[in-house]
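Working notes for the structure below.
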Amino acid sequence: MKQQTQEFLIDFISHNLYGKCTGYDFELLFKLYSALEIKTFSEILPRAKEFCSFLENHSHLITTADPAHAPRIPDKIASLRHTFKTYFETRGKIDQKIFADIVTTIAPNKRKTKTLDVGASKFPYSSILMAKKIEQLESMDKNFLLSNESLFAMNVIASETLFDEQTSVNDYDFIVGRYPCSAIIPIVKACKASNKPYFIELCECSIPWPSKWPAGEYFGWENVLPEIDPNVHVMNGYAFNIDATESQIMRVINRQNMKKIFTFKNDIYVPRRISNNSNDTVVISDGTWSKQPEEFEMI
Ligand SMILES: C[S@@+](CC[C@H](N)C(=O)[O-])C[C@H]1O[C@@H](n2cnc3c(N)ncnc32)[C@H](O)[C@@H]1O
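Okay, here's the thing in structure tokens:
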């Protein structure tokens, strides 16, 4: 950690009495710290660990400022470590990677497409991945763990707000979101009104009542969204209106989703399982596989 960063943290902790200043918490402090220390993806996890160690080593500053809350400090740091592990440990986050790969493949003008990723989460992993291939990538959620500066250094423009009925999409070429919950209907409405393409991986938490399960039946997005946008395609958990046939899009989706169970080696897909058994090898042609493995390991 840079000397200048250490001085900043010590000064901040000493002047913001722990527990007595509204809004002061370790996540907020980490966000300020990230602006000074984190500029690349690979720096995130080690710098986050370093930050927790710094707090542990300087907890006397916090406890001196506010002895009444002293017993809470170790719990707070443990909770912060858990938050960092949950969000920043990207091994196994294959769903976000698959979503990013689909979006960057189907984006109308590829690199040039100004894209808004809605509901990107406190750590916008999909946005960061997409921003490697898309020049203008804006990421929207209500609260990011990383500073705007850190995200900007990773080519992501942070927009800390919620998408609602008032949100304009006129400034974007493509609106996307993976499980963007309450934003699903506003996105479809806004894109329909402004004739913009969208691609959403659907979560079911925001299917509106009372139509959610009428008379005990499952009533899903495939019933709700066409009432808002007659041009929507709802299939396999995705909703989109982009200018391509369903089969073209489904081929991209299927190929990407195969990464969940297969990994690509020497022009063939092999199950995600460490195995030397050649019988496990699966040859893929046009989105289908000739032999499905009985068991596999999710990464
Ligand atoms: C299930 S998480 C999905 C996060 C991320 N896209 C992923 O795939 O890991 C849903 C996220 O959507 C955000 N969200 C919910 N409603 C939203 C809205 N109206 N506008 C923007 N973000 C929203 C939540 O804050 C939350 O971070």
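Numbering (numbering that gives the first Met the number 0), first residue to last: 0 to 298.
Glycine included, each C-beta is placed from N, C-alpha and C at the ideal position.
DSSP-derived helix/strand/coil call for residue i
| i | result |
| --- | --- |
| Val-102 | helix |
| Tyr-32 | helix |
| Val-117 | strand |
| Met-153 | coil |
| Met-234 | strand |
| Phe-239 | strand |
| Leu-60 | helix |
| Trp-208 | coil |
| Gln-90 | What sits at residue 90 in the sequence shown is Arg, not Gln. Residue state, collapsed to three classes: coil. |
| Glu-203 | coil |
| Ile-133 | coil |
| Phe-299 | The question about residue 299 has no answer here: the residues shown for the chain are numbered 0 through 298. |
| Ser-181 | helix |
| Phe-11 | helix |
Buried versus exposed, by CB contacts within 10 Å (16 or more), residue i
| i | result |
| --- | --- |
| Asp-140 | buried |
| Lys-84 | exposed |
| His-59 | exposed |
| Trp-220 | buried |
| Ala-47 | buried |
| Asn-108 | exposed |
| Glu-137 | buried |
| Ser-13 | exposed |
| Ser-33 | buried |
| Asn-240 | buried |
| Asn-130 | Position check: residue 130 holds Ala in this sequence, whereas Asn was assumed. Answer is buried; the Cβ neighbour count reaches 16. |
| Ala-157 | buried |
| Asn-256 | buried |
| Cys-204 | exposed |
| Gln-2 | exposed |
| Asp-100 | buried |
Residues bridged to residue i (per DSSP)
| i | result |
| --- | --- |
| Ser-158 | Met-139 |
| Val-175 | Asp-116 and Phe-198 |
Near ligand 1: residue i beta-carbon under 8 Å from a heavy atom
| i | result |
| --- | --- |
| Ala-77 | no |
| Pro-179 | yes |
| Met-311 | This structure cannot speak to residue 311, because the chain is shown only from 0 to 298. |
| Asp-100 | no |
| Tyr-237 | no |
| Gln-95 | yes |
| Val-187 | no |
| Phe-50 | no |
| Asp-163 | yes |
| Cys-190 | no |
| Lys-109 | no |
| Val-233 | no |
| Gly-91 | no |
| Thr-160 | yes |
| Lys-258 | no |
| Ala-182 | yes |
Check: residue i C-beta below 8 Å from any heavy atom of ligand 3
| i | result |
| --- | --- |
| Lys-141 | By its list of ligands, the structure shown excludes ligand 3, since it contains just ligand 1. |
Any chain D beta carbon closer than 9 Å to residue i
| i | result |
| --- | --- |
| Thr-85 | You won't find chain D in this structure, because it holds only one protein chain. |
**OP:** Say whether the region 144 to 161 touches the region 121 to 132, bearing in mind that this needs 3 or more beta-carbon pairs closer than 8 Å, one atom from each stretch.
**Re:** Enough Cβ pairs lie closer than 8 Å, so yes.
Original post:
Using 8 Å as the threshold, is the region 184 to 191 in touch with the region 165 to 176, meaning 3 or more CB pairs across them?
Top reply: yes
Original post:
Do the region 86 to 97 and the region 109 to 117 make contact, defined as three or more Cβ pairs closer than 8 Å?
Top reply: no
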